[in-house]
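K.L.:
Every letter in the sequence shown is one number past the one before it in the working numbering, and letter 214, counting from 1, is 365.
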Amino acid sequence: MSGESPDPDTADRPGELPAVQPYYAHHAGLLAERYESVSFEAVHGDVLDLLPPPPAGAADIGAGTGRDAAALARLGYDVLAVEPVPELRQVAQRLHPSPALSWTDDSLPELRSLSGPLDLILLSAVWMHLAPADRGPAMRRLAELLAPSGVLVISLRRGEPPTDRVMWDVPAEEVVRLGERAGLHIARVAENEKDSLGRDAVRWQSVVLRREAE
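(1) By how many angstroms is the C-alpha of G310 removed from the C-alpha of E167?
(2) Taking one C-beta from the segment 268-288 and one from the segment 241-248 each time, how about it: are there three or more such pairs within less than 8 Å?
(3) Tell me whether V171 sits in a helix, a strand or coil according to DSSP, three-state version.
(4) Report the option in V358, E342 and H336 whose CA atom is closest to the CA atom of A364.
(5) To the nearest angstrom, how far is it from the Cα of W319 to the Cα of E325?
(6) Who pairs with T216 in a beta bridge, going by DSSP?
(7) Who are the Cβ neighbours of D163 in its own chain at under 6 Å, not counting the five residues just before and after it?
(8) By a C-beta neighbour count over all protein chains shown, 10 Å radius and 16 as the cutoff for buried, is G227 buried or exposed?
(9) By how many angstroms is the C-alpha of R339 removed from the C-alpha of V194?
(10) List the whole-angstrom C-beta distance separating L293 from L303, where the pair is believed to meet the contact cut-off of C-beta under 8 Å.
(11) On the CB-based measure, 16 or more other CB atoms within 10 Å of its CB, does H247 come out buried or exposed?
(12) Please tell me whether V198 and A341 are closer than 7 Å, where the distance is taken between their beta carbons.
(13) Can you tell me which of the three DSSP states V321 falls into?
(14) According to DSSP, which residues form a beta bridge with G180?
(15) Between the Cα of S258 and the Cα atoms of G180, R218, A214 and D315, which residue gives the shortest distance?
(16) Between E238, M290 and P205, which lies nearest to H178 when the distance is taken from Cα to Cα?
(17) Jot down the residue ranges of each uninterrupted beta strand (DSSP E) in the segment 232-314, minimum 3 residues, whole runs only, in chain order.
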């Protein structure tokens, strides 16, 4: 569900905004055109040097149309793409068939079907859809799944949230704090003032967290 937050004081109440998954299901085709128009390297270039060297086990959580998962597979990673929206999975599997890429239906914060250890976990434009109460449990689950020295990359959409689905404007500082509470250590916070899709009111942050080696 690789995509793009209402007021934290109101957005925990059900019914404030349309649910996230129906939005992505309804717009799967249009979103595929949008996401596939920019490359994995253009979106994540500020953190690529911190990724563990392939071959390695990786998971793309909220993989959407599969752009990032497919790129990781091409680089030599063994990738599990996690996407709860069937319409997006169908588009992704059509666009990016690969023997190094498998798909599963799951979502944060539980990720019940996943098992570690994983060397790399990527969440691209996903975290801002998590309600505040779900973020702590989600981070703890991600930390559980990481291998020693494993890397967690979370990209954050910053700016005024849209009104057509539930979203929060989550700062990098909050993500770092949750990661540290879960036993992870900060490797980098990257700032990107330019939105790859050309939206003037949107900017991005990428948080890279690492689990200590044993």
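Glycine included, C-beta positions come from ideal geometry on N, C-alpha and C.
P.N.:
Well, looking at it:
(1) Taking the first residue of the sequence shown as 1, we reach residue 167 at position 16. Taking the first residue of the sequence shown as 1, we reach residue 310 at position 159. The predicted position of E167 is uncertain, since its pLDDT is 42 and thus under 50; a value taken from the coordinates is nonetheless stated next. In this structure, the CA atom of E167 is about 19 Å from the CA atom of G310.
(2) Not touching, per the Cβ criterion.
(3) Mapped onto the sequence shown, residue 171 falls at position 20. For V171, the secondary structure class from DSSP, reduced to helix, strand or coil, is helix.
(4) In the sequence shown, counting from the first residue as 1, residue 364 sits at position 213. Of all alpha-carbon atoms in V358, E342 and H336, the one lying nearest the alpha-carbon of A364 is that of H336.
(5) Within the sequence shown, the letter at position 168 stands for residue 319. Within the sequence shown, the letter at position 174 stands for residue 325. Answer to the nearest angstrom: the Cα atoms are 12 Å apart.
(6) Mapped onto the sequence shown, residue 216 falls at position 65. BP columns for T216 are empty, so no partner.
(7) Counted from its first residue, the sequence shown places residue 163 at position 12. With a pLDDT of 38 at D163, under the threshold of 50, the modelled position of this residue cannot be trusted, and the question is left open.
(8) Here residue 227 refers to the residue found at position 76 of the sequence shown. By the 10 Å Cβ count, G227 comes out exposed.
(9) Stepping through the sequence shown from its first residue, residue 194 is reached at position 43. Stepping through the sequence shown from its first residue, residue 339 is reached at position 188. Our two residues, V194 and R339, have alpha carbons roughly 16 Å apart in a direct line.
(10) The residue you call residue 293 lines up with position 142 of the sequence shown. The residue you call residue 303 lines up with position 152 of the sequence shown. Yes, they are in contact, since the Cβ atoms of L293 and L303 sit about 6 Å apart, within 8 Å.
(11) Here residue 247 is taken as the residue at index 96 of the sequence shown, counted from 1. Classification for H247: buried.
(12) Taking the sequence shown and counting its residues from 1, the one referred to as residue 198 is at position 47. Taking the sequence shown and counting its residues from 1, the one referred to as residue 341 is at position 190. Their beta carbons are under 7 Å apart, which means V198 touches A341 by this criterion.
(13) The residue labelled residue 321 in the question sits at position 170 within the sequence shown. In the structure shown, V321 sits in coil (DSSP, three-state: anything other than H, G, I, E or B).
(14) Your numbering for residue 180 matches position 29 in the sequence shown. Answer is none; G180 lacks a bridge partner.
(15) Position 107 of the sequence shown, counted from the first residue, corresponds to residue 258. Out of G180, R218, A214 and D315, A214 has the C-alpha closest to the C-alpha of S258.
(16) The count along the sequence shown starts at 1 and reaches residue 178 at position 27. Minimum Cα distance to H178 is reached at E238.
(17) Counting whole runs of 3 or more residues, the segment 232-314 contains the beta strand (DSSP E) stretches 252-255, 269-275 and 297-309.
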